[in-house]
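Please read the structure below before turning to the comments.
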Amino acid sequence: MLASRTGLDLVIPCSICSHNLSRADKAMRENEGFRKKIETAIGEKYEGITIKHLLDVIVNDVGIETLSGKFTKKLKGIKAVPYYGCLLVRPSEVSRFDNPDNPQSLDNLIKATGAQCLTFTQKTKCCGGNLLMSNQDYAFKLTKKLFDEAKSAGANCIVVACPMCHMLLDGQQAMIEEELDTVIDMPVLYFTQLLGLAMGIGEGELELDKNMVSTAGLLKSVGREEESVEAEVAQ
Numbered sequence: 080m081l082a083s084r085t086g087l088d089l090v091i092p093c094s095i096c097s098h099n100l101s102r103a104d105k106a107m108r109e110n111e112g113f114r115k116k117i118e119t120a121i122g123e124k125y126e127g128i129t130i131k132h133l134l135d136v137i138v139n140d141v142g143i144e145t146l147s148g149k150f151t152k153k154l155k156g157i158k159a160v161p162y163y164g165c166l167l168v169r170p171s172e173v174s175r176f177d178n179p180d181n182p183q184s185l186d187n188l189i190k191a192t193g194a195q196c197l198t199f200t201q202k203t204k205c206c207g208g209n210l211l212m213s214n215q216d217y218a219f220k221l222t223k224k225l226f227d228e229a230k231s232a233g234a235n236c237i238v239v240a241c242p243m244c245h246m247l248l249d250g251q252q253a254m255i256e257e258e259l260d261t262v263i264d265m266p267v268l269y270f271t272q273l274l275g276l277a278m279g280i281g282e283g284e285l286e287l288d289k290n291m292v293s294t295a296g297l298l299k300s301v302g303r304e305e306e307s308v309e310a311e312v313a314q
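Numbering-wise, the sequence shown is residues 80 to 314 according to our numbering.
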């Protein structure tokens, strides 16, 4: 209701928040009885609002071609798998900006940075974030499956579009390693951090040091690729 008063679109960086608000907006628009109950309870009418995930805005409103003009470096040392999660592009009746079965927006964004975008069959599978409080053991097993697939694909990082997924994949990675007696050591970037690197923004400003899993090795791989390209040009 508060956002609708502005007359602006509501842009959301979190897949779960975007999913829930889009479902609520759909219910308010399509179910008159439900809408009237809510309007009576809060004392004002709901005029509706356009809800968009940040990835949708960047890819479809700003445009990858326009964004690419802002890039100052190629991230050739990065071999990434794109992880959309289970709620970003599904269900299709509330999230219409990409294919719900095989989305490509994040793939295309990764490719535009010069990073290698690897095939990832787990790209829309659940990471277990919603189960973290109720069934941690099962959540961790789901997460490990993602990591195993990413490693099999040859990835040196996972790029995500949801803070909840990032919290689990990055923030809980050490605990997953301990609980499942395994070694993962897989950096996880929110997609805007990847874009920032391509724009030449410093790692401090991107707060990569706040990521729980170190990104130092990943950044060195980008540096090594740059040195290799410069050496080839010099020859």
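Backbone N, C-alpha and C define an ideal beta-carbon position, used for all residues, glycine too.
For residue i versus residue j, is the C-beta spacing smaller than 8 Å?
| i | j | result |
| --- | --- | --- |
| Asn-290 | Asp-249 | yes |
| Cys-241 | Ile-137 | no |
| His-134 | Ala-194 | In the sequence on display, residue 134 carries Leu and not His. No, Cβ-Cβ distance for Leu-134 and Ala-194 is not below 8 Å. |
| Met-243 | Phe-150 | no |
| Ser-83 | Glu-126 | yes |
| Asn-235 | Leu-298 | no |
| Ile-263 | Gln-251 | no |
| Leu-185 | Tyr-163 | yes |
| Lys-223 | Thr-261 | yes |
| Pro-161 | Val-238 | yes |
| Ala-124 | Asp-88 | The sequence given here places Lys at residue 124; Ala does not occur at that position. Against a cut-off of 8 Å, the Cβ pair of Asp-88 and Lys-124 comes out as no contact. |
| Phe-176 | Asn-139 | yes |
| Ile-157 | Ser-300 | yes |
| Leu-247 | Leu-211 | yes |
| Lys-105 | Cys-165 | no |
Flag residue i as yes when its Cβ comes closer than 7 Å to any non-hydrogen atom of the ligand COA, and as no otherwise.
| i | result |
| --- | --- |
| Arg-84 | In the structure on display, the ligand COA does not appear, and there are no ligands present to speak of. |
Starting from residue i, trace the beta strand (DSSP E) in both directions and tell me its first and last residue.
| i | result |
| --- | --- |
| Ala-234 | Taken as a continuous stretch (DSSP letters only), Ala-234 belongs to no beta strand (DSSP E), as it is neither H nor E. |
| Lys-158 | 158-162 |
| Lys-131 | 130-132 |
Write down the C-beta distance between residue i and residue j rounded to the nearest angstrom, noting that I regard them as a contact closer than 8 Å.
| i | j | result |
| --- | --- | --- |
| Gly-207 | Phe-219 | 7 Å |
| Leu-197 | Ala-159 | 7 Å |
| Thr-192 | Leu-274 | 7 Å |
| Arg-102 | Val-173 | 5 Å |
Per the DSSP calculation, residue i is bridged to which residue(s)?
| i | result |
| --- | --- |
| Asn-90 | The sequence shown places Val at residue 90, not Asn. The partner list for Val-90 (beta bridge, DSSP) reads Lys-131. |
| Gln-330 | Since the first residue of the chain shown is 80 and the last is 314, residue 330 is not available in this structure. |
| Val-267 | Ile-237 |
| Gln-195 | Lys-158 |
For the alpha helix (DSSP H) that residue i lies in, which residues bound it at each end?
| i | result |
| --- | --- |
| Cys-244 | 242-245 |
| Ser-184 | 184-191 |
| Gln-201 | Per DSSP, Gln-201 belongs to no alpha helix (DSSP H) and is neither H nor E. |
| Ser-171 | Taken as a continuous stretch (DSSP letters only), Ser-171 belongs to no alpha helix (DSSP H), as it is neither H nor E. |
| Phe-150 | That residue, Phe-150, is in no alpha helix (DSSP H); it is neither H nor E in DSSP. |
| Arg-114 | 111-121 |
| Gln-252 | 252-258 |
Please check if any C-beta of chain D sits within less than 8 Å of the C-beta of residue i.
| i | result |
| --- | --- |
| Arg-114 | Of the protein chains in the structure, only one exists, and it is not chain D. |
Count the C-beta pairs between the stretch 106-121 and the stretch 262-273 that are closer than 8 Å, then say yes if the count reaches three, no if not.
-> Not touching, per the Cβ criterion.
Counting pairs of beta carbons, one from the stretch 96-107 and one from the stretch 166-176, are three or more of them closer than 8 Å?
-> Taking 8 Å as the limit for Cβ pairs, the verdict is that the stretch 166-176 does touch the stretch 96-107.
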